[in-house]
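Asks: Provided herewith is a single structure, encoded as structure tokens, for subsequent inquiry.
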Ligand code: NAD
């Protein structure tokens, strides 16, 4: 590690707000990166409840905090308190990164961008191609929205018919109209439909909780849906190799785990705040070596 930085009158604060926040990996990742890069920043967390959000955001702006992360349950409730939104954040209706720019609070969402960047780092190119994704929650929405913005041609989104299904369908129709990407919502229970979708897709993404404990022995794709030329990506990073990825590896399919999404969403946020490139390999080695 580089020289240990100490807090001084020049130190700039970056924060994470949400609840709960105490188990987040973000402070460890960003503080190690700031130290390595010799940046005089400190990353701290605040447990913030929705009823205090407006006051907290106004306080951040009044104090000139250069940037902060936003996590659940505040990613959507924060929207009315920001001055501007990136295209991705606007379409996702959720913000995970805020920067104070020329006195204005600008909201971004780096989750989808982090996922897409990680695909690129792993040599998976889906621009102009078809993608199938299971899961339209926070992570899934961020991914398919960014994928549509980036130029993926067709995206079939599968979700269980939960209470959000109809609202998700409306949001997806709006996304298709705004981006020109052929993105549609389907019922995850319809296995024949899923099989047909995966058959001509270049990538299948799992963005559900399936694959992480207590669902570590489950998978949203059946083994006989795999085909040559299908890459598999998981958003789950604990375990690093989910059942889906293990199945793909056994069949020789290209696989991408969820850790890179976590690292790259942080790196993209750090670039927005500081203009500097987070040393992603160093952070991975420091905290995530198995
Ligand atoms: P969420 O609660 O917003 O969404 C959960 C999704 O899982 C929904 O689409 C829901 O319908 C689906 N789901 C839940 N139980 C299911 C089941 N039994 N079968 C099929 N679908 C089911 O959560 P989220 O924040 O979108 O997280 C989803 C996954 O993404 C989690 O595994 C989380 O760990 C992962 N994630 C990873 C990163 C990263 O940086 N790698 C970031 C955020 C989330």
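Residue numbers (the numbering used here): 1 to 290. Glycine included, C-beta positions come from ideal geometry on N, C-alpha and C.
(1) Given residue 219, which residues of its chain have a CB within under 6 Å of its CB, disregarding the five upstream and five downstream residues?
(2) Which first and last residues belong to the alpha helix (DSSP H) in which residue 42 is found?
(3) Count Cβ pairs between the segment 10–17 and the segment 42–53 that sit closer than 8 Å; are there 3 or more?
(4) Here's a check: name, in chain order, each residue in its chain whose Cβ is nearer than 6 Å to the Cβ of residue 265, leaving out the five neighbours to either side.
(5) Measuring alpha carbon to alpha carbon, tell me which of 103, 225, 288 ends up nearest residue 257.
(6) If contacts are defined as beta-carbon pairs under 8 Å, then residue 253 and residue 232 qualify, I think. What distance do you get, rounded to the angstrom?
(7) Given this structure, state the Cα-to-Cα distance separating residue 30 from residue 191, to the nearest angstrom.
(8) Figure out for me which residue from 147, 97, 75 has the closest Cα to the Cα of residue 182.
(9) Under a three-way DSSP split, which group does residue 254 fall into?
(10) Answer yes or no: the CB of residue 7 versus the heavy atoms of the ligand NAD, is any distance below 6 Å?
(11) Could you tell me the alpha carbon to alpha carbon distance between residue 174 and residue 230, rounded to whole angstroms?
(12) Could you tell me which residues DSSP puts in a beta bridge with residue 184?
Replies: The answer reads as follows:
(1) Working through the chain shown from its first residue, we reach residue 219 at position 219. Excluding sequence neighbours, residue 219 sits near 243, 244.
(2) Reading the chain shown from its first residue, position 42 is the one you call residue 42. Per DSSP, residue 42 belongs to no alpha helix (DSSP H); it is in the beta strand (DSSP E), 41–47.
(3) yes
(4) As a position in the chain shown, residue 265 is number 265, starting the count at 1. Around residue 265: 110, 111, 114.
(5) Within the chain shown, numbered from 1, the residue matching residue 257 stands at position 257. Looking at the Cα atoms, 288 is the closest of the given residues.
(6) Locating residue 253 in the chain shown gives position 253, where the first residue counts as 1. Locating residue 232 in the chain shown gives position 232, where the first residue counts as 1. That pair is a contact at about 5 Å.
(7) If you number the chain shown from 1, residue 30 lands on position 30. If you number the chain shown from 1, residue 191 lands on position 191. About 41 Å.
(8) Translated into positions along the chain shown, residue 182 becomes position 182. Out of 147, 97, 75, 147 has the C-alpha closest to the C-alpha of residue 182.
(9) Locating residue 254 in the chain shown gives position 254, counting from the first residue. Coil.
(10) One-based indexing of the chain shown puts residue 7 at position 7. Because no heavy atom of the ligand NAD lies under 6 Å away, the Cβ of residue 7 does not count as near it: no.
(11) Start at 1 with the first residue of the chain shown, and residue 174 comes out as number 174. Start at 1 with the first residue of the chain shown, and residue 230 comes out as number 230. Distance between the alpha carbons of residue 174 and residue 230 is about 28 Å.
(12) Stepping through the chain shown from its first residue, residue 184 is reached at position 184. Its beta-bridge partners are 156.
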